[in-house]
Every structure is written in structure tokens, then in C-alpha cells.
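Structure first, commentary second.
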Amino acid sequence: MSETGKNKRRIGLAVAQMGPVHLADTRERVVGRLVEMLREAHGRGAELVVFPELALTTFFPRYWMSDEEARQRFFETAMPNPQVQPLFDAARELGVGFYLGYAELTPEGVPFNTAILVDKAGTIVGKYRKIHLPGHDDHKPDAPFQHLEKKFFNVGDEPFGVWDALGARIGMCLCNDRRWPETWRMMSLQSAELVVLGYNTPSHNIHWPEPVHLRMHHHLITLQASAYQNCVWAAAAAKCGSEDGHHMIGGSVIVAPTGEIAAQTVTEDDEVIAVNVDLDLAETFRRNVFDFARHRRPEHYSLITERVGPGAPLPRKPV
Ligand code: CDV
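Right, here's the structure in full:
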């Protein structure tokens with residue numbers, strides 16, 4: 001690692017937080033907002049821009065409806081497609097890569113909550129399908145809103161991966177995945193240097209009267225602890241504010257491998273934050289306190305893959 005900083009490996013990293021997307025908003029309008037933020041991020045030195053989970057639509061799992069209706073209204077059957085093409089065109093024109101979350105319906109008709117990694121040429125180089133789907137699949141008539149990710153999406157069909165792109169080793173996950181240590185460890189064991197993710201986190205918990213401030217607290221401590229324990233940079237993009245009266249937290253951040261917040265949004269609207277990231281910053285941790293090869297003891301961790309939880313000791317069948 002260079003003392004002067006001259007020879008450090010760097011990447012211009014931006015998070016493009018989105019304010020609300022309402023039911024009445026068209027894909028064209030939403031993509032216009034994304035392109036505008038991509039241009040701003042490029043002007044601020046970004047080479048990679050992180051957009052939110054389900055960035056093209058409102059957070060529709062809050063609404064009870066048939067699978068058929070959800071697929072018609074909110075899912076993409078191809079990526080890119082004519083509505084989203086302007087974002088890919090802008091990426092190629094500017095030479096900026098991006099991460100984007102959207103609802104994917106495969107040609108076989110399988111629904112996933114998906115994120116893609118696109119390089120500076122506007123080519124999709126990585127795809128991740130959300131593994132930790134929160135919520136429920138039944139209608140909860142007494143709840144103020146639904147959280148139907150388990151109804152509308154299948155569990156991701158590939159393990160957590162890491163991609164060599166834009167001069168870095170980049171891992172992807174989505175929203176609820178960030179709360180699970182396994183997510184981060186899977187990526188750091190594949191030498192991830194940067195983990196990118198988008199999220200839609202409702203301010204209210206439908207399962208218990210959680211104090212609202214805890215939502216932000218848990219979001220931040222999760223990212224900060226996970227970045228530190230796994231020697232990675234983390235970039236997390238919210239879709240936030242009040243979508244047709246349903247409020248979601250902001251707090252989009254870029255977190256250093258030290259666990260410190262390098263940049264954080266201050267609004268609940270469309271907002272770009274950018275950091276010139278030193279990819280070698282984590283090297284000292286990888287060589288010392290978190291030198292995995294010297295200090296990890298996987299022979300004592302077998303329960304992690306043998307048990308789903310203390311009340312469910314039997315292995316779960318692969319999905
Ligand atoms: N979209 C999400 O995965 N949201 C969850 C909520 C349900 C808590 C999250 O972890 O933020």
C-alpha cells in the first residue's frame with residue numbers, strides 16, 4: 001500500500017438514492033431519474049453507480065394482488081428492454097458502470113428479485129437473485145400493509161457470487177440479505193473488495209411495534225460491522241420516502257472497511273453521494289486481525305450449514 005496514495009487502486013464509487021416511486025409513475029419517468037443521477041455521478045468522478053432494489057417500480061410487495069397481476073404490472077421479461085435502454089445507453093456514452101435492482105420474470109416464467117452489474121460498455125456482466133426473502137406469502141388483513149416477497153418471488157437459484165468488473169472484485173446482494181452475516185462471509189471468502197446493494201426498508205414493522213429509529217440503527221450497524229468484519233467497502237442505495245403514503249427509510253451510505261461511514265445521504269429524495277474509494281484500504285485488516293487463512297476455524301463452524309436455526313436442526317432441502 002502506498003503511503004502517498006499515488007499508487008493506490010481506486011474506483012470512483014457513487015450511490016444514487018431514489019426518493020419515492022408511486023404506483024402512477026411510468027418506467028420512462030423512473031428511468032429518466034436514473035439517467036439524470038448517472039450523469040450527476042459521472043460529473044463527480046463516479047465509475048460505478050449503485051441504484052436501489054426494485055428501482056424501476058414502487059415497492060409493490062406491500063400490495064395484495066394475484067401473481068398474474070403483479071407480473072403484468074411490475075416485472076421485466078427482458079433486460080435491457082426498450083423502457084430501460086436509455087440507462088444502458090447513458091452508461092456506455094459516459095463510460096460508467098451501474099448496479100440496478102428490478103423484478104425479473106425469466107423466459108421460463110420464474111420470478112426473482114434481481115440485481116445486475118453493468119460495465120462501462122453497457123454490458124451486463126453479473127446477475128444476483130435475492131436469497132433472503134423477507135415477509136410472508138399469505139394475506140394479512142389486519143396489517144397496515146403487506147410484505148409479500150415470499151409470494152411474488154422465488155428464492156435465488158445461485159449462491160452469493162463475486163465478479164471482476166471495473167477493476168475491482170464486486171459482490172452483490174439485496175436489502176434483507178445485508179442483515180445476515182452469511183451473506184457477507186460468502187462474498188469475503190471469494191475475495192470481494194466491494195459489496196453493493198439496494199434496499200427498500202419500510203419505516204414500520206408489521207410484525208411488532210418496533211420503534212422507528214431502530215430501523216435506521218439496525219441498517220447502519222449491520223453495514224458498518226459487516227464491512228469491517230469482512231474487509232470490504234459497502235455501498236447501499238435506498239429507495240425511500242413516502243410511496244403513496246407508505247414511508248421507507250433513507251440513510252444510503254458508502255462504508256469503508258474500517259467500519260466508518262465515508263458518505264451518507266441527508267434527504268429522502270433522489271440524491272447522489274460519491275467517494276473516491278481506495279480498494280487497498282482493507283489490506284491491513286486482511287493481513288492481520290482478519291487474516292482468514294491463519295485465524296478462521298471452519299472445523300468448528302459446521303452447524304452454520306447443518307442447521308437452519310436452533311428450532312430447526314435438520315438440514316433444509318436445497319431450493
Ligand atoms: N426489501 C426488504 O428486504 N426489506 C426488509 C424489511 C422487510 C425489513 C429489510 O431487511 O430491509
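Following full-length UniProt numbering, the numbering of the sequence shown begins with 1 at its first residue and continues without gaps. Note that beta-carbon positions come from the ideal geometry of N, C-alpha and C, so glycine has one too.
Note down, one range per segment and in chain order, each beta strand (DSSP E) of at least 3 residues found wholly within the stretch 119-197.
124-129, 162-165 and 168-174
Give me the Cα-Cα distance between Glu93 and Arg33, rounded to the nearest whole angstrom.
17 Å
Please classify Gly135 as buried or exposed, where buried requires at least 16 other C-beta atoms within 10 Å of its C-beta.
buried
Tell me which residue opens and which closes the alpha helix (DSSP H) that Asp280 is part of.
Premise fails: Asp280 is in no alpha helix (DSSP H) and is neither H nor E.
Verify whether the separation of the beta carbon atoms of Ser191 and Arg169 is less than 8 Å.
yes
In angstroms with no decimal places, state the Cα-to-Cα distance between Val196 and Asp138.
30 Å
What three-state label does DSSP hand Thr57 in the structure shown?
coil
Give the C-beta separation of Val30 and Pro86 to the nearest angstrom, bearing in mind that I take them to be a contact with Cβ-Cβ under 8 Å.
With 8 Å as the limit, Val30 and Pro86 do not qualify as a contact, their Cβ atoms being about 11 Å apart.
Using beta-carbon positions only, say whether Gly122 and Ala91 come within less than 8 Å of one another.
yes
Under the three-state DSSP convention, the category Thr267 falls into:
coil
What is the chain-ordered set of residues for which the beta carbon lies under 5 Å from any non-hydrogen atom of the ligand CDV?
Pro134, Cys175, Asn176, Asn200 and Thr201
Report buried or exposed for Trp208, applying the criterion of at least 16 other Cβ atoms within 10 angstroms of its Cβ.
exposed
What residues match up with Val17 in a beta bridge as DSSP calls it?
Position check: residue 17 holds Gln in this sequence, whereas Val was assumed. Glu271.
Taking buried to mean at least 16 other C-beta atoms within 10 Å of its own C-beta, is Asn288 buried or exposed?
exposed
Going by Cα to Cα distance, which pick from Leu194, Phe285 and Ala143 is closest to Pro279?
The sequence as given places Leu at residue 279; Pro does not occur at that position. Per the Cα distances, Leu194.
Decide if Ala293 is buried, meaning its Cβ has at least 16 other Cβ atoms within 10 Å, or exposed.
exposed
Excluding the 5 residues flanking Asn230 on each side, which residues of the same chain have their C-beta closer than 6 Å to its C-beta?
Trp184 and Ser188
Under 8 Å, do Arg62 and His147 count as touching if we go by C-beta distance?
yes
Sequence-distant residues of its chain with Cβ nearer than 6 Å to Asp120 (five each side left out):
Correcting the residue identity first, residue 120 is Lys in this sequence and not Asp. Excluding positions up to five away in sequence, the list reads Gly95 and Gly97.
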